[in-house]
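Below you'll find the structure, written out as C-alpha cells, and then a few comments.
Protein chains in written order, with the working numbering: chain A, 1446 to 1607; chain B, 157 to 298.
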C-alpha cells in the first residue's frame, strides 16, 4: 500500500470526490494504518481550530466610513440615473416638437404648395383693343410682371416699349 | 411629465395655421402716361418709377390717377383711375392669389387678365396708345 496514494484517496473521500463504489469500498475497511487514522483526526480538528481563531474586526470608525462610502455611491448612482431620465425626457419633448414642426412644414409647403410654384403668375390675357396682341414678361430681378399690349403700329422698335 | 407632453402637443395643434385662410387684399392701382416727351420727374411715382424705368424705355412717366381698394376673397371691387379709366378686380374664382383684372375705359374693356398679385412685386399693364404715349396701369398689393 502506498501511504501517499491512500492519504490522497481519503482526502478525496472527505471532499466527496470519489464515486459511490470507491466510497463504499473505503468505508467497508475494518482497519486503517495509524498514519491514516492520525490524518483523519487532524483533518477533523482543522475546522474546529480555524473556527476558534479570532477574526480581526476593523474599528467602528472604519466600518462607519465604509457605510458612508456605500451610501454616497448609492446616491451618486441614483443621481446619475435621474439625470439620464431627465435628459431623455427633454429629448422626447424636442423630438416631438421637431416632428410637429416637420409635419406643419410638410402640410404647408408640400400638401398646399406655394402658388408661385404651383401656377404661373399670369394665367391668361385678353387684349381687347382691335388688332392688338399681348406680351407677358416676368422680371426676375424685381419680380414685376409686365402685360403689354402690342398694336400693329406699336412694335418695340418704334413704340418705345419693352 | 405626461401633462407637459400633452400640453405641448395641444399647443402645437392649436397653433397650427389653418390650411387656407382668406385674407382681404389691399390693392393700389395707378394710371400712368408714359411718353418720350421731356417732363420733370413726377414725385408721386417714386414708388414705381424704379421698377418702370429698367423695364420700359420711356423718358417720362406722369401719374394720371390712382386709387386703393380692399378686396375680399372671394369678392369684387373697382378702382376709378380718372380720365374714364377704371380697373375691375375679382378674386376667389381662380386658385391661390390670382385676381381677374379688367382694365376698362368707360364701358369698353381694354385688357383682361388673370394674374397673381404678390406683395412687393408690382403688376404692370400697358400699351394703350394715348396722347402720343402709352397708358400704363400698375397694380400693387399693399
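Heads up, the beta-carbon is just placed ideally off N, CA and C, and yes, glycines get one too.
Measuring only the C-alpha atoms, how far is residue i from residue j?
i: residue 1542(A); j: residue 1551(A); result: 14 angstroms
i: residue 1546(A); j: residue 1553(A); result: 10 angstroms
i: residue 242(B); j: residue 257(B); result: 10 angstroms
i: residue 245(B); j: residue 1544(A); result: 41 angstroms
i: residue 220(B); j: residue 1568(A); result: 28 angstroms
i: residue 272(B); j: residue 1528(A); result: 55 angstroms
i: residue 215(B); j: residue 1549(A); result: 49 angstroms
i: residue 248(B); j: residue 1590(A); result: 20 angstroms
i: residue 1493(A); j: residue 1526(A); result: 47 angstroms
i: residue 288(B); j: residue 213(B); result: 14 angstroms
i: residue 1508(A); j: residue 1515(A); result: 11 angstroms
i: residue 217(B); j: residue 230(B); result: 33 angstroms
i: residue 1481(A); j: residue 1462(A); result: 18 angstroms
i: residue 1561(A); j: residue 295(B); result: Caution applies to residue 1561(A), whose pLDDT of 47 falls short of 50 and renders its modelled position unreliable; the value that the coordinates give is listed next. Taking the straight line from one Cα to the other gives about 17 angstroms.
i: residue 1455(A); j: residue 1495(A); result: 21 angstroms
Looking at the unbroken beta strand (DSSP E) that takes in residue i, where does it start and where does it end?
i: residue 1571(A); result: 1567–1572
i: residue 294(B); result: 289–297
i: residue 256(B); result: 254–261
i: residue 218(B); result: 216–227
i: residue 201(B); result: Where residue 201(B) is concerned, there is no enclosing beta strand (DSSP E), given that its DSSP letter is neither H nor E.
i: residue 281(B); result: 279–286
i: residue 231(B); result: 231–238
Beta carbon of residue i: closer than 7 angstroms to some heavy atom of the ligand SAH?
i: residue 288(B); result: Among the ligands in the structure shown, none appear at all, so the ligand SAH cannot be discussed.
What residue from the options has the CA that sits closest to residue i's CA?
i: residue 283(B); options: 208(B), 275(B), 292(B), 276(B); result: 292(B)
i: residue 262(B); options: 188(B), 240(B), 269(B), 184(B); result: 240(B)
i: residue 1579(A); options: 1592(A), 1587(A), 1585(A); result: 1592(A)
i: residue 208(B); options: 231(B), 268(B), 189(B); result: 189(B)
i: residue 286(B); options: 191(B), 185(B), 186(B); result: 191(B)
i: residue 254(B); options: 1566(A), 1522(A), 1581(A), 1537(A); result: 1566(A)
i: residue 1573(A); options: 295(B), 259(B), 202(B); result: 259(B)
i: residue 1460(A); options: 1475(A), 1584(A), 1489(A), 1534(A); result: 1489(A)
Let's see if you can read the secondary structure: which residues bound the alpha helix (DSSP H) around residue i?
i: residue 1492(A); result: 1479–1497
i: residue 1467(A); result: 1465–1472
i: residue 182(B); result: Where residue 182(B) is concerned, there is no enclosing alpha helix (DSSP H), although the beta strand (DSSP E) it sits in stretches over 181–191.
i: residue 1541(A); result: 1505–1551
i: residue 1452(A); result: 1448–1460
Where does residue i land, buried or exposed, given buried means 16+ other C-beta within 10 angstroms?
i: residue 181(B); result: buried
i: residue 204(B); result: buried
i: residue 226(B); result: exposed
i: residue 1501(A); result: exposed
i: residue 1586(A); result: exposed
i: residue 1467(A); result: exposed
Could you tell me whether the Cβ atoms of residue i and residue j are closer together than 8 angstroms?
i: residue 1570(A); j: residue 269(B); result: yes
i: residue 1452(A); j: residue 1473(A); result: no
i: residue 299(B); j: residue 297(B); result: One cannot answer for residue 299(B) here, as it falls past the ends of chain B, which runs 157 to 298.
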